[in-house]
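Take a look at the structure below.
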Amino acid sequence: MKVAFFSAQRYEEEIFRSVQQQSQVEFDFIEARLTEKTVQLAKGYRAICVFVNDILNEKVLTELHATGVRFIALRCAGFNNVHLPTAKKLDLRIVRVPEYSPYAVAEHAVALLLTLNRKTHRAFGRIRDLNFSLEGLVGFDLYQKTVGVIGTGKIGRVFVNIMKGFGCKILVYDIKTDAEIEKVATYVSLDDLLKQSDVISLHCPLNDNTRHMLDTQAFYSMKKNAIVINTGRGALINTRALIEALKAHKIAGACLDVYEEEEGIFFTDQSNEGITDDILARLTTFPNVILTSHQAFLTQEALQNIADVTTANLVCLLETDHCENEV
Ligand code: NAD
Numbered sequence: 026m027k028v029a030f031f032s033a034q035r036y037e038e039e040i041f042r043s044v045q046q047q048s049q050v051e052f053d054f055i056e057a058r059l060t061e062k063t064v065q066l067a068k069g070y071r072a073i074c075v076f077v078n079d080i081l082n083e084k085v086l087t088e089l090h091a092t093g094v095r096f097i098a099l100r101c102a103g104f105n106n107v108h109l110p111t112a113k114k115l116d117l118r119i120v121r122v123p124e125y126s127p128y129a130v131a132e133h134a135v136a137l138l139l140t141l142n143r144k145t146h147r148a149f150g151r152i153r154d155l156n157f158s159l160e161g162l163v164g165f166d167l168y169q170k171t172v173g174v175i176g177t178g179k180i181g182r183v184f185v186n187i188m189k190g191f192g193c194k195i196l197v198y199d200i201k202t203d204a205e206i207e208k209v210a211t212y213v214s215l216d217d218l219l220k221q222s223d224v225i226s227l228h229c230p231l232n233d234n235t236r237h238m239l240d241t242q243a244f245y246s247m248k249k250n251a252i253v254i255n256t257g258r259g260a261l262i263n264t265r266a267l268i269e270a271l272k273a274h275k276i277a278g279a280c281l282d283v284y285e286e287e288e289g290i291f292f293t294d295q296s297n298e299g300i301t302d303d304i305l306a307r308l309t310t311f312p313n314v315i316l317t318s319h320q321a322f323l324t325q326e327a328l329q330n331i332a333d334v335t336t337a338n339l340v341c342l343l344e345t346d347h348c349e350n351e352v
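Residues in the sequence shown are numbered consecutively from 26, following the working numbering.
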């Protein structure tokens, strides 16, 4: 089965090419992101493979169906970019990769936290400029600080355990409790978590209940020394509210791997054109904000798992009526 592989990046092509050799799936790599403008590239394919910033709204799904697409393989865990009622109505079968490496994402969250706190990004730049001054580089010990984790699923629990290793006190908030987590952390209300934590990390999915979970009120209830980490989805945070909180020094900083308007910007090189998104531009000016371009998943192990599971998912769709990883 030939599969149109949208938003193809060089770092994943090689791995997918090697996996497809042992299967009946053949990927055609397309650099373009799937949008209303590019949907016609799927013509002639029964299956497509997409990533987090490909658009799968009502219009795109309807056009995909009209061109003959029946299977959609998401090479990611989240499926907030898919209009599920339309997919269901059109009988489009959708599969995803529910878990590829929770360690990759949790470890990236820790990397961002350590960088922002100990200012190693600034130190790196200074040393290259032969500036050996330590002025402005004071951080704080993580030991015995309170870390608040929102969402204690696969990624959240890895993050909890890493931070436990640093000697932190862990508070957690989730819509359901977990006995294993209770052994190392304390479940509290969202409000208490926001008020008491020195570090707050988001690991819940984006949905109608969690959109803009961190808004003006949330930022204003946090400690002034609080660092917020978001490796979940951009829209968990109201970015305008975050900017106001940073400007008013209501929190100490933010580590962001995701941004609510990242589609069409993240994963692309904009260094020649510049960006027209003023909110993102403002975020990049804060010395106490670290941004990465949705790269938390990007490890060898995660890429290999994504390629293996996505290919197996497609074979499953082709051969059976129901797959384990169907959305
Ligand atoms: P998961 O489904 O294993 O865990 C999510 C947890 O969030 C669950 O325990 C769930 O009960 C909890 N939750 C749901 N609604 C909640 C709410 N309203 N308040 C608090 N908790 C709530 O998912 P996961 O594998 O741990 O992934 C978490 C999120 O991380 C994904 O949804 C995805 O958006 C994001 N993610 C980002 C990257 C990246 O590269 N930045 C990679 C993978 C996943």
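We put the beta carbon where it would ideally sit given N, CA and C, even for glycine.
All values derive from a computational prediction rather than experimental measurement.
Asked, Found
"Alpha carbon to alpha carbon, how far is isoleucine 276 from valine 197? Give it in angstroms, no decimals.", "19 Å"
"Taking just the CA atoms, how far does glutamate 288 sit from glutamate 56?", "14 Å"
"In whole angstroms, what is the alpha-carbon distance linking isoleucine 206 and glutamine 49?", "41 Å"
"From Ile300, Val122, Lys220 and Thr256, pick the residue whose C-alpha is nearest to that of leucine 231; which is it?", "Thr256"
"Just the Cα atoms here: how many angstroms apart are leucine 167 and valine 183?", "17 Å"
"According to the neighbour-count rule (16 or more other Cβ atoms, all chains shown, within 10 Å of its Cβ), is histidine 133 buried or exposed?", "buried"
"Does the separation of the CB atoms of valine 172 and valine 224 fall below 7 Å?", "yes"
"Going by the DSSP bridge assignment, what does asparagine 255 pair with across the sheet?", "Leu227 and Leu281"
"Please name the residue in Gly164, Lys220 and Val135 whose C-alpha comes closest to that of isoleucine 187.", "Val135"
"Span of the alpha helix (DSSP H) holding threonine 177?", "Threonine 177 -> no alpha helix (DSSP H), and no H or E assigned at all."
"With a threshold of 6 Å on Cβ separation, who are the neighbours of tyrosine 125 within its own chain once the five nearest residues in sequence on each side are excluded?", "Ala327, Asn330 and Ile331"
"Does the beta-carbon of serine 214 have 16 or more other beta-carbons within 10 angstroms, so that it is buried, or is it exposed?", "exposed"
"Let me check you understand the geometry: is the CB of lysine 201 closer than 6 Å to at least one non-hydrogen atom of the ligand NAD?", "yes"
"Helix, strand or coil for lysine 249, going by three-state DSSP, please let me know.", "coil"
"Looking only at C-alpha atoms, which of Gly299, Gly103, Ser246 and Ser226 sits nearest to leucine 281?", "Ser226"
"May I have the straight-line CA-CA distance separating glycine 69 from threonine 63, to the nearest angstrom?", "14 Å"
"Which term fits phenylalanine 165, buried or exposed, when burial requires 16 or more other beta carbons within 10 angstroms of its beta carbon?", "exposed"
"I'd like the span of the beta strand (DSSP E) that includes glutamate 349, first residue to last.", "Premise fails: glutamate 349 is in no beta strand (DSSP E) and is neither H nor E."
"Look at the Cβ atom of valine 352, then the Cβ atom of arginine 95, and state whether they are nearer than 7 Å.", "no"
"For my contact list, phenylalanine 31 and cysteine 74 are in at a C-beta cut-off of 8 Å; report their separation, rounded to the angstrom.", "7 Å"
"Using 6 Å as the cut-off, classify the Cβ of glycine 278 as near or not near the heavy atoms of the ligand NAD, replying yes or no.", "no"
"Within 8 Å, do at least three Cβ pairs link the stretch 290-300 to the stretch 265-273?", "no"
"Counting only the same chain and skipping the five closest in sequence on each side, list residues whose C-beta sits under 8 Å from that of isoleucine 252.", "Leu138, Leu141, Asn142, Asp223, Val224, Ile225, Ile276, Ala277, Gly278, Ala279 and Cys280"
"According to DSSP, alanine 129 sits in a beta bridge with which residue or residues?", "Partner(s): none; alanine 129 has no beta bridge."
"Whose C-beta lies closer than 7 Å to the C-beta of lysine 179 among residues of the same chain, with five residues either side of it excluded?", "Glu124 and Pro127"
"Is the separation between the beta-carbon of isoleucine 175 and that of cysteine 229 shorter than 7 Å?", "yes"
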